[in-house]
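Per my numbering, residue 8 is the first one in the sequence shown, and the count goes up by one each step. Idealized CB from N, CA, C, for every residue including glycine. Structure record follows, encoded as structure tokens.
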Amino acid sequence: MNETMRDRLRSIPVFANVGTTAFTEKDLPENPVPRIAEWIFSAEAAGQAEPHAMSICTVSADGVPSSRVLLVKDIDEDALYFATPADSRKGLEIAAGPRVAAHFYWPAVGRQVRVVGVAVDQGRAASESDFAERGRGSRLSAHLHRPGPLPGRQAALDEFERLGELHPDEVPCPPSWTLYALSPTEVEFWEASTDRVHHRVVYRRDAAGAPWRHELLWP
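Okay, here's the thing in structure tokens:
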């Protein structure tokens with residue numbers, strides 16, 4: 008019998024790297040946001056590549072969702088921070104409807120975190136400071152962003168070279184470059200178990216700054 012696509016997919020190992028680092032209810036913090044950072048660094052220590060990468064999902068005015076992966080720039084007691092051009096699809100959708108969803112997945116440790124909240128523009132000073140911390144190549148490539156189709160890959164490479172010559176030293180921050188704070192109203196921690204009796208805890212609050220409530224969820 009020929010191997011089908013279903014057979015091939017079902018043969019891929021699942022939860023192969025589940026460890027023994029299960030969290031317990033007695034260890035749950037009052038504020039879940041800093042714990043997200045702890046899980047990022049724990050995944051890094053376990054060998055997870057780019058553990059600070061998260062997917063961000065926004066929704067268009069007509070209800071069509073779109074998601075993409077970007078990097079978390081900072082995490083404090085209240086928010087997670089990420090940056091993107093304000094005139095990108097996600098930036099425009101955030102401007103129209105700031106409620107977003109984010110997701111981390113770390114297969115190296117069998118963990119994931121789901122976040123729902125509101126994304127808020129942090130202003131020009133914070134955005135320019137974030138841009139200045141990027142590597143030179145990243146700063147130059149940020150200037151490649153523009154609406155409309157790309158006529159060909161070479162056009163982007165030529166423009167990147169032109170920008171490098173135009174800005175041999177400092178690379179100015181594009182006017183649309185924006186740092187956002189994602190203030191969560193819901194955070195779910197998920198930890199895998201080989202028997203599929205997964206461990207799930209969800210935190211919720213009514214608005215940013217409000218007290219957190221948490222409860223266990225069925226696997």
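DSSP three-state assignment for residue i, whether helix, strand or coil
i: residue 198; result: strand
i: residue 161; result: helix
i: residue 19; result: coil
i: residue 10; result: coil
i: residue 123; result: strand
i: residue 34; result: helix
i: residue 214; result: coil
i: residue 46; result: helix
i: residue 69; result: coil
i: residue 136; result: helix
i: residue 148; result: helix
i: residue 41; result: helix
i: residue 203; result: coil
i: residue 52; result: helix
Same chain only: Cβ atoms within 7 Å of residue i, ignoring 5 sequence neighbours per side
i: residue 123; result: 108, 191, 192 and 193
i: residue 36; result: 42
i: residue 95; result: 152
i: residue 178; result: 143, 146 and 147
i: residue 55; result: 113, 115 and 116
Other residues of its chain near residue i: CB distance less than 8 Å, five sequence neighbours each side excluded
i: residue 64; result: 72, 73, 74, 107, 108, 109 and 110
Proximal residues to residue i (C-beta, below 6 Å), its chain only, five neighbours per side dropped
i: residue 91; result: 97 and 98
i: residue 59; result: 47, 78 and 79
i: residue 62; result: 74, 76 and 110
Beta-carbon separation (whole angstroms), residue i vs residue j, contact threshold 8 Å
i: residue 87; j: residue 76; result: Residue 87 to residue 76, Cβ: 14 Å. No contact.
i: residue 82; j: residue 40; result: 7 Å
i: residue 211; j: residue 220; result: 6 Å
i: residue 14; j: residue 215; result: Not quite, the Cβ-Cβ distance comes to about 47 Å (not below 8 Å), so this is no contact.
i: residue 226; j: residue 204; result: 5 Å
Any beta strand (DSSP E) of 3 or more consecutive residues that is wholly inside the stretch 81 to 114: 87 to 92 and 106 to 113
Sufficient close CB pairs (3 or more, under 8 Å) joining the stretch 66 to 84 to the stretch 141 to 148: no
The stretch 104 to 122 / the stretch 184 to 203 touching (three or more Cβ pairs under 8 Å): yes
The stretch 130 to 142 / the stretch 174 to 191 touching (three or more Cβ pairs under 8 Å): yes
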